[in-house]
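Contents: one structure, followed by commentary.
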Amino acid sequence: MPREHDEVIPELTLEQKARLASGADFWSTKPVPGIRRITMNDGPHGMRVVADIGLKSQKRATCFPPAVGLGSSWNPALQREVGEAIGREARALGVDIVLGPGINIKRSPLCGRNFEYVSEDPLVAGSFGQALVEGIQSQGVGASVKHFAANNQETDRMHVSAEVDERTLREIYFPAFERVVTTAKPATVMCSYNRINGVYASQNEWLLTRVLREDWGFDGVVVSDWGAVVDRVEAVKAGLDLKMPTATGDDRVIAAAQSGELPEFVLDRVVSRLQALAERADASRLGPVDVDFDAQHEIALRAALEGPVLLKNENGALPLLEQGSTRIAVVGEFARTPRYQGSGSSQVPSTRVDSALDALTELIGSRVRFAPGFTFDGDAEADPVLAEEARSLAADSDWTVLFLGLPDSCESEGFDRDTIELPANQLALLEAVSAVTRRVIVVLSNGGLVETDSWEFRARAILEGWLLGQAGGRAIAQLLLGRANPSGKLTESIPVKLEDTPAYINFPGCDGQVVYGERVYVGYRYYDTRGLPVSFPFGHGLSYTEFEYSGLSVTATDGGASVTFTVTNVGEVAGAEVAQVYRSDRHSAIDRPAHELVGFQKVFLEPGAAQTVTIELDSRAFAYWSIGRRGWIVDEGLFTLSVGASSRDLRLNGDVRLPAQGPQRRLTAFSSIAEWFADPVGSQVLQGAIAQLPDAHTFQLDPSTNEGKMFAAIPLGHLLTMVPSAPSGAAEQLVAAYEQLSRSE
Ligand code: BGC
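For the sequence shown, this note's numbering begins at 580 and goes up steadily by one.
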């Protein structure tokens, strides 16, 4: 029987309580009477059980597609299934907490860890995080959603201060965490290494207590990222429960507790949260489980089939003909040696690995011939012997499938990239091959996006395979041959060039600071607002079939809207479409992105079949965060909801009128004359007061004149200090009159 929290707390000494606030070793907590040891391990796309700081694990586990691949499926049911499969392996390994998923926003394509993250869009990241956490936790173990918050780069990650305004945090960098916390209720949240507006996340009371617990109702354990705690006492005070790894600094916490600097109730809070965690996240809770690694591999395969994004498919170049005598050149080392996950703490010691070359050979036999074309040495010049071998193979084949991508050395946890280009030796190979054949198909393997603008014209089709986990090679083979139909969509825009990216001039910052100067204009919010060309837009992804959208109806609900439309598969083969709903708000009182994703649904359709989709939107889908009013605001007026296949392929539009919601603007002495006149009550009060002033006629307040425009921008209080006949305290009196009149209305 689990014991009541208050039964345990009194039994522990102050010192025992203080010691609980840190790990026993690299991967577990300290047991005390009444609270057992809790074990934690990475990670986000499969289990990595290691002894210490080393990255090499002895225990084999299934490597599912990393977030970049699984996220591109836009399929929460599939993501949940992967979560369940990861949870199953955690349970079998006796791991109580899975350290994942990572749901930080992809602010810049240069972030070395983007392969572990999902999207440039918070809805896509949050929906993924919710599904993964629900899946993992359905197995009785806990998840640790990470890295909270504004951890969007690896450069200087343990010290850099993300300088970011609250609206941007609330609208872009927080909502994925908020969604996971409020829906999936993760057992733990992992705070990030970096500082936010000067304060380390690990000791940021506003972040860990005000936002996470008070605003969102989080009642689990906040664990630090490994080595993220700088000041142990400040961290506990701010709301960090568990410093990981190891117990360094315990003496400081004990001394602070003994001196009263750290109140005992703060430590009691830590104790009771860890006790609750030990009860709810327990690998043994649902009993022993046998893991069938073949069945797990099949799940990894199904997940990998939905990740790849068909970026381009000129004249139906894909799928490759399965029958007949077509000779296919498979070129590129990635076909033989797949790159299927990224480096760092998330690296899984896979149970097995499928290569695309083996899978293609298995499926279509001797029609496949291979040439490696290049080596994984990214800095290398093109190898003339390998390039020549590939070129002559391509010249002697009907189709060439060229496997390009980023070798391991190009991206990893721990450092950022400085380019989004493919390695030069691979681009040289593409050029050489495309000089001897026009029938080139490119398959990409990369965690962070790569630019395609400089070379896409050389390829008839491009399949962006991201990193797909241990079954990825088999999935790619099936997709190339049309045994499965691509259904992945871009969770991040592919820019024409690095210089176009919104954070370009600020990333990765300097002197310990990175300024989030682009504010809420991240990813498509930036490109689409500016009308900048992109190579492939957010949400884009082709299929071997085609979909039509029809019958949009938009109706207002209680503060939100209901959107209904029909998607029809008008092509010849079965396929899946990710239908997306974007909201635009052109009457808002503040600047907003041209449109923002507010809903999506993946529909699976046989040829000729149709499905009617309904997406319910609550008021948050229409709201912005007001820094001044400290809350979510909907301005009264018409909103447009657009439905389509990507942020730049919107097929249907409908309008809905919503009432004002959230804390409404109050006029103050700092409100401008224009704001006073724009408010019906304010204008009545102000006009009445002006009429009393003997020198009123000297003010030209007519807004159609330049003088009127100049006055319009002046705060009321300031203006009145310049009016000789205005009595002292006039502004305060007007504000009081306004408050009284608005209350009585
Ligand atoms: C990473 C975390 C990871 C932890 C434990 C840190 O370096 O940032 O994502 O869970 O190590 O391996």
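All C-beta atoms, glycine included, are put in the ideal place defined by N, C-alpha and C.
Only a predicted model underlies this, so the values are computations on that prediction, with no experimental measurement involved.
Bounds of the beta strand (DSSP E) holding Met-769 are 767-770. Beta-carbon to beta-carbon, Ala-763 and Val-712 are separated by about 4 angstroms, close enough to satisfy the 8 angstroms threshold. As computed with DSSP, Trp-1204 is found in a beta bridge with Trp-1211. Ala-1054: member of the alpha helix (DSSP H) spanning 1051-1059, first to last residue. In the structure shown, Gln-1159 falls within a strand segment according to DSSP collapsed to helix, strand and coil. Across the set Val-850, Pro-754, Asp-631, Val-743, the C-alpha of Val-850 shows the shortest separation from the C-alpha of Val-611. Straight-line spacing of the CA atoms in Gly-1150 and Glu-1185 works out to 9 angstroms. Residue pairing by DSSP puts Trp-978 in a beta bridge opposite Ile-907. In this structure, the C-beta of Asp-804 approaches the ligand BGC to less than 7 angstroms from one of its heavy atoms. With contact defined as three or more Cβ pairs closer than 8 angstroms, the segment 961-974 and the segment 1077-1090 are not in contact.
Counting the other CB atoms within 10 Å of its CB gives Asn-693 a total of 16 or more, which places it among the buried residues.
In terms of CA proximity to Leu-1196, Ala-1140 leads the group Ile-878, Gly-1233, Ala-1140, Trp-1211. Close CB contacts of Asp-700 within its chain, under the 6 angstroms cut and outside five residues either way in sequence, are with Leu-1176 (chain order). Cβ contact annotation for Arg-774 (same chain, cutoff 6 angstroms, sequence separation greater than five): Ser-740, in chain order.
The count of Cβ pairs closer than 8 angstroms, one atom from the segment 882-897 and one from the segment 1027-1041, reaches three, so the stretches are in contact. His-726: member of the beta strand (DSSP E) spanning 721-727, first to last residue.
Spanning the alpha carbons of Pro-644 and Gln-1240 requires a straight line of approximately 41 angstroms.
Within the model, the alpha-carbon separation for Arg-1018 versus Leu-981 is close to 10 angstroms. For the pair Lys-638 and Asn-894, the Cα-to-Cα distance works out to about 47 angstroms.
DSSP places Pro-1294 within a strand segment (E or B) once states are collapsed to three. Relative to Ser-1122, the option among Val-1182, Pro-688, Glu-843 whose CA is nearest is Val-1182. Residue burial annotation: Gln-902 is exposed, with fewer than 16 other C-beta atoms found within 10 angstroms of its C-beta. Below 8 angstroms, too few C-beta pairs join the segment 668-688 and the segment 1043-1061 to call them touching: fewer than three.
Within its own chain, the residues whose Cβ lies closer than 7 angstroms to the Cβ of Ala-597, once the five positions on either side in sequence are excluded, are Asp-829, Val-832, Ile-833, Ala-836, Leu-846, listed in chain order.
Looking at the backbone, the Cα of Leu-1046 and that of Ala-914 are separated by about 13 angstroms. Beta-carbon to beta-carbon, Val-1099 and Pro-1172 are separated by about 6 angstroms, close enough to satisfy the 8 angstroms threshold. Taking C-beta atoms under 8 angstroms as the contact rule, Arg-749 and Trp-1204 qualify, at a distance of about 4 angstroms.
Following the DSSP letters along the chain, one finds Lys-596 inside the alpha helix (DSSP H) bounded by residues 593-599.
Annotated as distal: Val-909 and Gln-920, with beta-carbon spacing of 8 angstroms or more. Nearest Cα to Val-964 within the set Ser-717, Ala-1007, Ala-938: Ala-1007.
Contact check for Ser-1072 and Tyr-1106: beta-carbon distance about 6 angstroms, within the 8 angstroms limit, so the pair qualifies. Judged by the Cβ position, Asp-956 fails to qualify as a neighbour of the ligand BGC at the 7 angstroms threshold, every heavy atom of the ligand being at least this far. Secondary structure note for Ile-1252: its alpha helix (DSSP H) is the uninterrupted segment 1252-1257. In this structure, Gly-691 places its C-beta atom within 8 angstroms of the C-beta atom of Ser-991.
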